[in-house]
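The next block holds one structure in the form of structure tokens; read it before the comments.
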Amino acid sequence: MLDIRLIREKPDFVRERLATRGGGDDAKIAEVLRVDAERRKIETQLQRLQADRNRLSKEIGAKRSRSEPSEDLEAQVRKIGDEIVDLTQRASTFDEEQRHLLLEIANLPHESVPVGKDPSANRVARSWGEKPQLSEPADHVALGAKLKLFDLERAAKLSGSDFICFTGAGAKLERALINFMIDLHTREHGYTEISPPFLVRRDCMVGTTQLPKFEADMYGLEENQLFLAPTAEVQLTNLHREEILGLSDLPKKFVAYTPCFRREAGAAGRETRGIIRVHQFDKVELVKITAPAKSYEELESLAADAERVLQLLGLHYRVVELCTGDLGFGSAKTYDIEVWSPGQNAFLEVSSCSNFEDFQARRMHLRFKDRDGKNRFCHTLNGSGLALPRLFAALIESYQQPDGSIRVPEKLQPYFGASEIR
RNA sequence: GGUGAGGUGGCUGAGUGGUUGAAAGCAGCGCUUUGCUAAAGCGCCGUAGCCCAAAAGGCUACCGAGGGUUCGAAUCCCUCCCUCACCGCCA
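Throughout the first sequence, residue numbering follows the working numbering, covering 1 to 422 in sequence.
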């Protein structure tokens, strides 16, 4: 959520920055400014009446204590009371309308983000390693079937299409990857491990911007208003919602392993082969809550922490700096980390590391007490570290051997308990 | 699920209809004293918003949330949420 004061004071600046995302927000800005002006007008009227009421009510109290008549004043205040009821109603209508509009206006891209309208303007920031030399690489679907690592048909029997059921060595490999990543981030990168609930309240989903805009992509449980979290970003970032943290508590760094649930409405048929786009997948997520001055350096180290996973596993990847038009709704700056998939002959996104600045914090009232004693909004960041099915696919494809077996990367062997899968 | 107790500022905790936005203590900030530390003394210290070009200043709202009673509600009534305790049920 943007600060209404910023929009009020620098509307042209806001419009210009939003336009770099691809435009279409001018009408919303005009509308929110109109509502804001109206809201303040009514609020001022309302406050004058309340001040009158307070003053007269005190007089009534004083008169009564002196046993003087006060009926005329009481009648007057009663009348003011009626007007207040009416104005309060109108004021809250405008309040709601303003919040509604603000919740649907995207964040401003950071000035360092390359300007462009689609992924063709994204910038490859760096790449690591090399494509493995494989004469005729099998893709993960073929490898998985052959070695019985997962069973998509039977997963469909349980839950419908686009679900995974890992089996045997596949299930164990997934679990090994989870443990490997969590240990890395807790032991070497200083994150605190969290095992959060998977169901979250609506407010949390609003806080991290999944709602209200993307409700169609979320799984919800109608009767008790809970949602299945689409990413642990929701739980981890909302952990301290509505709190005021001490400056010395920052940065907060959390890592969690959770399943993630996504309807992927409208995504059917696109990039959905095998296990790379499914309704439920496991993910190790990294979240940081930082002071504003530090958030961009924390973004760099967050990406580095996620990249470290791929480096230790010896997987080729590249880091892409998203352009303004490709940026997510709430993000000010994002690096996508893409691992090489020999089977797809393409890079697959396994992590998206973003700095939301105070966009999420403002929605969830997440603040810290600054050195000068003022409460300010924190900055929030998150990135996968990493998403499992795609990592799994890239790993088995990259480490496949001519004889059809899969070599297990050395760093993973203590977790997996064997050096190969055959 | 049942019964009981409770939700007040960063924290602890007073406060049952009108100068209480809220006592007191702790924490925090500033100053004094001090070789340093510690201790002591004095002062300041909630949040959000509105008016004002701005500052100064003024005003409004907020005591879990939402309604209600009243001229006036932290205080009385209703509903809901949450926390704690005990009982029941349960992986």
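All C-beta atoms, glycine included, are put in the ideal place defined by N, C-alpha and C.
DSSP places A346 in the strand class (E or B) of the three-state scheme.
In terms of CA proximity to L6, L102 leads the group V339, M218, L226, L102. Using a Cβ distance threshold of 8 Å, G246 and V141 do not count as a contacting pair. One alpha carbon belongs to V408, the other to A229, and they sit about 31 Å apart. When the five nearest sequence neighbours on each side are left out, the beta carbons in the same chain lying within less than 7 Å of the beta carbon of T231 are those of C260, K283, E285, in order along the chain.
About 19 Å separates the Cβ atoms of F163 and A169, ruling out a contact at the 8 Å cut-off. Judged by DSSP secondary structure, E357 falls outside any beta strand (DSSP E); it is assigned neither H nor E. A Cβ-Cβ distance of about 6 Å is found for the pair E321 and P114, placing them in contact under the 8 Å criterion.
Here N54 is exposed. Its C-beta has fewer than 16 other C-beta atoms within 10 Å. Only residues of its own chain outside the window of five on either side were considered, and among them L49 have a CB closer than 6 Å to the CB of E83, listed in chain order. Assigned with DSSP and collapsed to three states, C204 falls in helix.
For Q400, the beta-bridge partners assigned by DSSP are I406. Nearest Cα to P137 within the set A62, F359, P196, N345: N345. Pairing A306 with S384 gives a Cβ-Cβ distance under 8 Å.
CA-to-CA, the gap between F416 and L236 works out to about 28 Å.
Three or more Cβ pairs closer than 8 Å define a contact, and the region 368 to 381 falls short of that threshold against the region 125 to 136. Using a 10 angstroms sphere on the CB of T192, the tally of other CB atoms stays under 16, which defines it as exposed.
In the three-state scheme derived from DSSP, where H, G and I count as helix and E and B as strand, V113 is classed as coil.
Taking 8 Å as the cut-off, the beta carbon of L381 is found closer than this to the beta carbon of V287. Around the Cβ of T290, a 10 Å sphere holds 16 or more other Cβ atoms; the residue is buried. Listed in chain order, the non-local C-beta contacts of L56 below 8 Å within the same chain comprise L73, Q76, V77, I80, local neighbours out to five positions each way being set aside. Under the three-state reduction of DSSP output, S70 falls in the coil class, being neither helix nor strand. Close CB contacts of T186 within its chain, under the 8 Å cut and outside five residues either way in sequence, are with T192, E193, V255 (chain order).
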